[in-house]
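Numbering (the working numbering), first residue to last: 4 to 423. Cβ coordinates follow ideal geometry from the N, Cα and C atoms, glycine included. In this text the structure is predicted, and so the values were computed from the model without any measurement.
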């Protein structure tokens with residue numbers, strides 16, 4: 004743990020503390036922080052409650068969730084019984100304090116300490132910054148909280164968007180805070196869906212010219228509908244996912260290309276191929292998915308046999324400030340015949356880049372795969388039992404030209420690869 008944070012007497016005893024944490028054992032009470040001034044009993048905050056050991060007052064603060072959570076605490080100025088400085092300890096109790104709480108075991112992502120009580124709007128601005136940074140949902144479905152930018156402008160209206168105030172996350176840029184979020188997902192469902200700025204899927208913190216413009220935000224929340232399928236009345240022989248997501252936009256976002264990753268693995272065993280799934284965007288922002296206001300985006304590629312990647316997404320093309328999206332899939336009984344197709348992604352690629360190839364064939368069969376370099380030397384040779392949609396992830400290659408050759412009993416495929 005870090006050494007106790009020394010708070011000079013000149014700073015007084017008023018403070019506002021924000022902490023983002025995730026306990027490894029949510030059912031066990033553990034100390035997030037403690038605040039002590041010599042001669043005064045300490046304040047103790049755990050993952051389950053705040054305890055003022057001087058006043059013997061307690062406030063329960065936790066739902067015993069194992070997800071990442073934001074803890075905010077404000078302490079008004081009080082007359083100190085001593086002029087000695089105070090100490091803030093992270094993850095541990097002060098010496099000689101005996102309470103039924105263990106030292107912290109888990110992730111402590113960030114804490115922010117202000118030596119004063121922040122005004123309500125200032126507190127919400129800090130909470131909004133941390134919520135967007137870590138994919139946190141402020142408030143709950145019964146009483147959500149607005150998300151504010153650094154100027155106090157509302158980015159997400161909790162009352163207006165009440166139906167979608169679930170599992171919020173988003174992208175954004177605030178250059179004054181040196182903050183850019185170029186890829187994000189909800190901490191409550193990190194693998195279900197993730198959004199990223201195009202060409203920034205694996206990392207954050209690019210330079211200004213590569214990211215979103217300053218004070219541009221894209222916030223996403225869902226309607227908490229089940230992750231089950233129902234007939235799509237607007238599209239014959241298709242099903243729509245019951246859950247939908249609202250995209251709320253602020254600033255200059257419409258010209259930004261984005262990508263989305265959705266965990267399709269939970270459904271691929273239902274007799275559907277990854278290529279049966281399409282991203283469905285309602286430009287009206289109402290979620291009716293009516294003809295003329297709906298855009299369909301096909302699967303770009305599948306990774307790890309489960310994560311569907313959809314690219315070339317542009318939000319707010321009609322200037323409404325919001326879009327609604329979901330998934331649609333074509334019923335297997337009405338699937339059109341598949342034309343054989345091989346795709347390598349990315350191509351060309353960097354010499355430090357991992358890459359993937361995907362093959363779509365008419366019927367499941369044995370697949371022989373071989374990679375050769377420009378001199379005809381075999382880099383590797385493998386055999387697979389391939390389904391009608393097959394994908395494989397590969398390690399990075401040295402710079403050069405390569406040829407990927409695939410062969411089934413019925414067909415052969417060859418693709419040229421360039422590694423720069």
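- Excluding residues up to 5 positions away in sequence, 374 lie with their Cβ nearer than 7 Å to the Cβ of residue 383 in the same chain.
- By the neighbour-count definition (other C-beta atoms within 10 Å, threshold 16), residue 160 is an exposed residue.
- When C-beta atoms of the region 282-299 are compared with those of the region 235-248, three or more pairs fall below 8 Å, so the two segments count as touching.
- For residue 60, the secondary structure class from DSSP, reduced to helix, strand or coil, is strand.
- Residue pairing by DSSP places residue 243 opposite 233, 331 in a beta bridge.
- Relative to the Cα of residue 300, the nearest Cα in the group 280, 28, 324, 310 belongs to 280.
- Where residue 410 is concerned, the enclosing beta strand (DSSP E) starts and stops at 403-410.
- Note: residue 317 is not bridge-paired with any residue in the DSSP secondary-structure output.
- In this structure, DSSP gives residue 378 a state outside helix and strand, which the three-state scheme calls coil.
- For a cut-off of 8 Å, the C-beta gap from residue 249 to residue 327 is around 6 Å, short enough to register as a contact.
- With fewer than 16 neighbouring CB atoms inside 10 Å of its own CB, residue 155 falls in the exposed class.
- By the neighbour-count criterion, in which a residue is buried when 16 or more other Cβ atoms sit within 10 angstroms of its Cβ, residue 98 is exposed.
- Restricting attention to 117, 141, 409, 107, the CA atom closest to the CA of residue 5 is found in 107.
- Only residues of its own chain outside the window of five on either side were considered, and among them 352, 354, 400, 402, 403 have a CB closer than 6 Å to the CB of residue 422, listed in chain order.
- For residue 110, the CB contacts under 6 Å within the same chain, skipping 5 residues up- and downstream, are 25 in chain order.
- In the structure shown, residue 157 adopts extended strand secondary structure according to DSSP, grouped into three states.
- If you look at residue 135, you'll find it in the alpha helix (DSSP H) that goes 123-137.
- As DSSP reads the structure, residue 347 sits in a beta bridge with 360.
- Residue range 72-78 is occupied by the beta strand (DSSP E) that includes residue 72.
- Look at the beta carbons and you see the region 307-324 touching the region 255-275: at least three pairs across the two are nearer than 8 Å.
- By the 16-neighbour rule on beta-carbons within 10 angstroms, residue 277 is buried.
- One Cα belongs to residue 377, the other to residue 313, and the distance between them is close to 32 Å.
- Note that the C-beta distance between residue 330 and residue 265 is below 8 Å.
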